[in-house]
Structure formats: structure tokens, C-alpha cells
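*Asks:* The structure follows.
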Amino acid sequence: MAVKLHANFSLNHQIFHRKPTMVRKNKACSSLPSLKTTSGPLLSVREVAELDNCSEKTVRRAIATGLLEVIRVGPGGRLVRIDPAAHRAYRRAHRE
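For the sequence shown, numbering that gives the first Met the number 0 gives the first residue as 0, with consecutive numbering after it.
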């Protein structure tokens with residue numbers, strides 16, 4: 000016995016199960032130093048949050064608004080790392 004599927008099943012299936020075709024670019028990534036000119040080991044979002052005594056969500060919000068410059072690494076630029084010099088600049092500009 001054949002099961003009748005909804006007419007839009009194949010369209011919905013394609014929309015929700017397709018692979019991403021492009022990587023979203025972050026505005027803060029446009030003028031980043033090359034990896035050879037970083038001032039020490041790169042920091043993760045978690046490490047920056049611990050240094051600033053705030054949540055990871057706060058750090059990600061600063062990245063999304065372009066206040067904190069990041070370096071995207073890994074396949075598709077999915078992983079985020081912060082140069083210590085960029086972190087110091089952010090801290091100087093946004094002291095509370």
C-alpha cells in the first residue's frame with residue numbers, strides 16, 4: 000500500500016535538508032591581521048569570556064555587532080578565534 004505524501008513534501012525536504020551553499024561573512028572579518036602577525040596564541044570565545052568575566056553569549060554578541068574583531072578558521076570559517084591584540088583593543092574601547 001502506497002503512502003500518499005503531502006504535495007509540498009519534496010520542496011520542504013529540499014529546503015530543510017540541503018547543505019549550505021555559502022558561508023556568512025562577518026563584517027568584523029574584513030580587516031583582520033594575517034595569522035603570521037598575531038600577538039601570541041589565538042583565544043577562543045570561552046577564553047575571552049573567562050578573561051572578561053562575562054558569558055560566551057556576550058562575547059558572541061560583541062563579535063556579531065563588529066565590536067570585537069575575529070579570525071575565522073577551520074572548514075568554511077566556522078570556528079572563531081580572537082587575536083589577543085584585538086581583545087586588548089576591545090577592552091580599551093569598551094571599559095565599564
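In this text, a Cβ means the ideal position worked out from N, Cα and C, and glycines have one as well.
Between Val44 and Arg59, which are expected to be in contact by the criterion C-beta below 8 Å, what is the C-beta distance as a whole number of angstroms?
*Replies:* Right, the Cβ-Cβ distance comes to about 6 Å (below 8 Å), so this counts as a contact.
*Asks:* Could you check whether Val47 and His86 sit closer than 8 Å to each other, using their CB atoms as the reference points?
*Replies:* Between His86 and Val47, the gap from beta carbon to beta carbon is short of 8 Å.
*Asks:* Select from Pro40, Asp82, Tyr89, Leu42 the residue whose C-alpha is nearest the C-alpha of Gly65.
*Replies:* Tyr89
*Asks:* Alpha carbon to alpha carbon, how far is Gly76 from Leu50? Give it in angstroms, no decimals.
*Replies:* 24 Å
*Asks:* Between which residues of its own chain and Arg80 is the CB-CB distance below 6 Å, once the five residues before and five after are set aside?
*Replies:* Leu41, Ile70, Val72
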